[in-house]
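To keep things clear, I will list the structure first and then write my remarks on it.
Numbering (this note's numbering), first residue to last: 3 to 238.
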């Protein structure tokens with residue numbers, strides 16, 4: 003009787019062990035499946051993020067090019083100071099001056115990054131550096147956009163009104179109502195020095211920033227965009 007009881011007991015223990023092993027294996031398989039699904043979701047999110055920032059980089063480069071063209075026009079005018087309206091080639095001057103006040107702002111697409119940062123999907127991003135960059139993106143963008151916004155505000159509230167009251171909106175120097183002598187005034191020169199200063203703020207070209215090796219807002223956002231693109235690159 004004792005032998006039978008012992009056998010039954012061992013059999014029962016064996017059954018329990020097998021059941022426990024089965025449960026553990028099932029849990030492990032379930033964990034593997036969950037991890038696999040999480041990795042697949044992460045790759046889809048990274049691909050969408052990558053595509054968004056590739057497009058944003060293309061837009062950013064176009065915006066910077068426009069700022070550089072505005073700077074070229076502005077510095078051309080400054081190089082002519084002091085201007086003698088009687089001797090300057092007014093046609094050439096107008097052609098090269100025309101783009102001085104053109105303003106444009108960087109307005110990136112942010113649908114993917116916002117959905118990531120503001121939802122539980124953010125937990126799927128496994129790279130710590132990428133997570134940090136995504137969290138800091140809005141602050142970095144705001145710092146850069148502030149320079150552009152200030153420059154545009156300065157254009158429309160101060161610089162454009164000052165210059166158009168003497169030269170008109172179209173800079174038509176053939177119009178008899180245009181006061182061409184305004185080109186020789188300190189007021190005209192101040193307008194362009196101020197515009198140059200605003201563009202230097204945007205492009206990170208101030209001497210103090212260069213000499214101190216301080217990273218400009220433009221360089222900071224450019225580096226951030228490039229790094230996000232690199233870290234979100236889809237696996238081949």
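Don't be surprised by glycine CBs; every beta carbon is placed ideally from N, CA and C.
Computed from a predicted structure; not experimentally measured.
Check residue 55 in the structure and name its three-state DSSP category.
Correct three-state label for residue 55: helix.
Taking the CB atoms as reference points, tell me whether residue 175 and residue 182 lie closer together than 7 Å.
yes
Taking the alpha-carbon positions, what's the residue 51 to residue 71 distance?
30 Å
Contact defined as beta carbons within less than 8 Å: I believe residue 262 pairs with residue 106. What is the distance between those atoms, to the nearest angstrom?
A question about residue 262 goes unanswered here, because the residues of the chain that appear run from 3 up to 238.
Tell me whether the beta-carbon of residue 227 lies closer than 7 Å to the beta-carbon of residue 59.
yes
Just to confirm before moving on: does the CB-CB distance between residue 111 and residue 54 stay below 7 Å?
yes
Rounded to the nearest angstrom, how far is the Cβ of residue 108 from that of residue 62, given a contact under 8 Å?
5 Å
In whole angstroms, what is the alpha-carbon distance linking residue 172 and residue 149?
26 Å
Tell me the residue span of the alpha helix (DSSP H) that contains residue 110.
Run containing residue 110: none; DSSP gives neither H nor E here.
Just to confirm, is the Cβ distance from residue 193 to residue 161 under 7 Å?
yes
Would you kindly report the start and end of the unbroken alpha helix (DSSP H) that includes residue 228?
219 to 233
Which runs of the alpha helix (DSSP H) fall wholly inside the stretch 101 to 170 and span at least 4 residues, in chain order?
With a minimum length of 4 residues, the continuous alpha helix (DSSP H) runs that stay inside the stretch 101 to 170 are 113 to 119, 130 to 156, 162 to 169.
How big is the Cα-Cα spacing for residue 224 and residue 186?
The alpha-carbon atoms of residue 224 and residue 186 are separated by roughly 39 Å.
What three-state label does DSSP hand residue 91 in the structure shown?
Look at residue 91 here: in three-state DSSP terms it is coil, with no helix or strand label.
For residue 76, count neighbouring C-beta atoms within 10 Å of its own C-beta (all shown protein chains included) and say buried if the count is 16 or more, exposed if not.
buried
Three-state secondary structure (DSSP) at residue 82?
coil
Quick one: what's got a C-beta closer than 6 Å to residue 190's C-beta in the same chain, skipping five residues either side?
184
Between the alpha carbons of residue 126 and residue 67, how many angstroms are there, rounded?
36 Å
Return helix, strand or coil for residue 199, following the three-state DSSP convention.
helix
Going by the beta-carbon positions, is the gap between residue 142 and residue 222 smaller than 7 Å?
It is a contact, given that the beta carbons lie within the stated cut-off.
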